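In terms of the working numbering, the sequence shown is numbered consecutively and its last residue is 288.
For glycine and all other residues, C-beta sits at the position ideal for the given N, C-alpha and C.
Model, not experiment: these values are computed from the prediction.
Okay, so here's the structure we're looking at.
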Amino acid sequence: MKTRLLIISNLLLPLLISAQTEKVLKTYSAEQLIETIIDKTEAKKIINTVDVIKAGNAHEKVNGIVTCMFATMEVLKTAVAEKCNLIITHEPLYYNHLDSADNFKNDPVYLEKKKFIEDNNLVVWRFHDYIHRINPDGIISGMVDKLHWKKNQSSSNPYAFSFEKITLEQFLKSLKNAFPENAFHVVGNPTMNLTNVVMVPGASGTLAQISQLRKNEVDVVIAGEVPQWETYEYVRDANLQGRKKAIVFIGHINSEESGMKFCADWLSKFITDIPIHFVECGSSYWSY
């Protein structure tokens, strides 16, 4: 009997070792996961991308992932509470596009945030350029899900949407249902009829917005933000010239945040053994 048990034990031992080895192999460093994520976008390599680690150790073993629009203090604290140490943020960590610390070296807000990240061994990686290059654009996919606009989306241009004829004011009431907390900035005649809408999210810039508005078939552009003296004034003059055009600024965060919920869902399809959470940061300002 003992001999039989010994034989069975010897037969099972390699399987147990194999299982333990497999378990060890299922631990990933932040760097390994980031490489996998970029590879899964199927995008060509981007030179001078902002999609780099902004804080933390690239070799840190990842316990869990949080995706977010901005890695605010609240988001970071939520990540720690959820035992997640890789934060994937769409936008900068430190208040400027390249996260330069040159103007913040002695700033108390910057230093406290930096200390919190270091004390909790967090890794913060920006996922901006590559998520926009998923086919179709991952940020737009998330926005389409939030707005329930899939049936309106063009098959040839994921940023373009067609609707039954409706006034701008009626359209805004519908849009407001998705974003009830913040006011929109609207330039255009509320009684104008529209059928074709193009989404230009985030801070894509004046030229990106105006290039869409120039198209005869485009009635309205939904945008994130821009300096007020740029596209705002272009559309005002267009209306004063009798052109039926409108632009609706819904805010940078409103125009892209749902894309990071899409990101969490997308990651879950190929990262199956690490917890992944989307944490909403919401708008940074409130309307009075």
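Going by beta-carbon coordinates alone, are residue i and residue j separated by less than 8 Å?
i           : j           : result
residue 152 : residue 162 : yes
residue 251 : residue 224 : yes
residue 65  : residue 267 : yes
residue 217 : residue 196 : yes
residue 130 : residue 53  : no
residue 212 : residue 226 : no
residue 93  : residue 71  : yes
residue 187 : residue 236 : yes
residue 201 : residue 255 : yes
residue 123 : residue 30  : yes
For residue i and residue j, I'd like the C-alpha separation in whole angstroms.
i           : j           : result
residue 279 : residue 208 : 29 Å
residue 136 : residue 158 : 7 Å
residue 133 : residue 42  : 8 Å
residue 199 : residue 169 : 17 Å
residue 149 : residue 141 : 10 Å
residue 269 : residue 138 : 14 Å
residue 179 : residue 166 : 19 Å
residue 68  : residue 276 : 11 Å
residue 240 : residue 246 : 12 Å
residue 238 : residue 205 : 18 Å
residue 281 : residue 182 : 14 Å
residue 283 : residue 26  : 36 Å
residue 35  : residue 127 : 12 Å
residue 156 : residue 49  : 27 Å
residue 234 : residue 215 : 14 Å
residue 190 : residue 143 : 24 Å
residue 145 : residue 248 : 19 Å
Residue i CB to nearest chain C CB: under 8 Å?
i           : result
residue 273 : Although the question refers to chain C, the structure presented lacks it and comprises just one protein chain.
Between which two residues does the alpha helix (DSSP H) carrying residue i extend?
i           : result
residue 185 : That residue, residue 185, is in no alpha helix (DSSP H); its beta strand (DSSP E) goes 185 to 187.
residue 62  : Careful: residue 62 lies outside any alpha helix (DSSP H) and carries neither H nor E.
residue 271 : From DSSP, residue 271 is part of no alpha helix (DSSP H); its letter is neither H nor E.
residue 297 : The first residue shown for the chain is 1 and the last is 288, placing residue 297 beyond what the model contains.
residue 210 : 206 to 213
First and last residue of the beta strand (DSSP E) that includes residue i?
i           : result
residue 260 : Premise fails: residue 260 lies in the alpha helix (DSSP H), 258 to 267, not in any beta strand (DSSP E).
residue 182 : Looking at the DSSP string, residue 182 is not in any beta strand (DSSP E), and its letter there is neither H nor E.
residue 196 : 193 to 200
residue 104 : Looking at the DSSP string, residue 104 is not in any beta strand (DSSP E), and its letter there is neither H nor E.
residue 250 : No beta strand (DSSP E) holds residue 250; DSSP gives it neither H nor E.
residue 221 : 220 to 223
Does the region 46 to 59 come into contact with the region 228 to 239, if we say contact requires no fewer than three beta-carbon pairs (one atom in each stretch) closer than 8 Å? no
As an exercise, report each continuous beta strand (DSSP E) stretch of at least 3 residues that is fully enclosed by the region 113 to 164, in chain order. 123 to 126
Every unbroken alpha helix (DSSP H) within the region 25 to 92, with a cutoff of 4 residues, ordered by chain: 30 to 41, 73 to 81
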